[in-house]
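**Student:**
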Amino acid sequence: MSEREILVDKRRMTYEGLFSVADLYSLIDEYFEEKGYDKHEKKNIERVTPNGKDIEIEVEPWKKITDYAQSIIRVRILMTGIKEVEVEKDGVKIKLNQGKVQLIFDAIFETDYEHRWEAKPVFHFVRTIVDRYLYKTYTNQYKGEVMNDFNMLVYQIKAFLNLYRH
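Residue numbering for the sequence shown is 97 to 262, as defined by the numbering used here.
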């Protein structure tokens, strides 16, 4: 059985105001592509309500660090009351979305994701010893890389959303 260590658990970011839904999704998608993550979109639901659109997106990109370890950064995007509005900026009318966005992040470090050390209980015991004592410095370094990727994503999303504040 693979071992998952949760490095970040349900960190939330909330924004209400003007933004572009398509640009936000593109920013997240391009970030993961640039960092070498393979994307897995678990959920993409759009409901039309009297208050506007409600959109729920969940992506779970992963990146193989080694043949033994991988990083996973799960992003849930909950958008409520999304309406399309026209805004004039520098004399040009542009279409944006207005509503509330909540992003929920998880960062996970997973070892033995290919289940190679599960065949016999002895292998599982040896893997535990190797993880704790021999590969500890390597796994700490890989965890640092996962956290760096996570922090950069959050920073870029915050910077993107701050562009629309007045």
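Glycine included, each C-beta is placed from N, C-alpha and C at the ideal position.
Since this is a predicted model, take the numbers as computed values, not measurements.
What residues match up with F256 in a beta bridge as DSSP calls it?
**Tutor:** Paired residues: none, contrary to the question.
**Student:** Are there 16 or more other CB atoms within 10 angstroms of the CB of I190, so buried, or fewer, so exposed?
**Tutor:** Label assigned to I190: exposed.
**Student:** Give me, in chain order, the residues of the same chain whose beta-carbon lies closer than 7 Å to that of E58; leave out the 5 immediate sequence neighbours on both sides.
**Tutor:** Only positions 97 to 262 of the chain appear in this structure, which leaves residue 58 out of reach.
**Student:** Would the segment 167–179 and the segment 241–255 be scored as touching if the rule is three or more Cβ pairs under 8 Å?
**Tutor:** Yes, the segment 167–179 touches the segment 241–255.
**Student:** Of all the options Y164, Y121, I204, D105, which has the alpha carbon lying nearest to the alpha carbon of V197?
**Tutor:** The option with the nearest alpha carbon to V197 is Y121.
**Student:** Determine which residues share a DSSP beta bridge with F115 and list them.
**Tutor:** Paired residue(s): N193.
**Student:** Tell me where the beta strand (DSSP E) around P174 begins and ends.
**Tutor:** The question names Pro, but residue 174 in the sequence shown is Leu. Per DSSP, L174 belongs to the beta strand (DSSP E) from 165–185.
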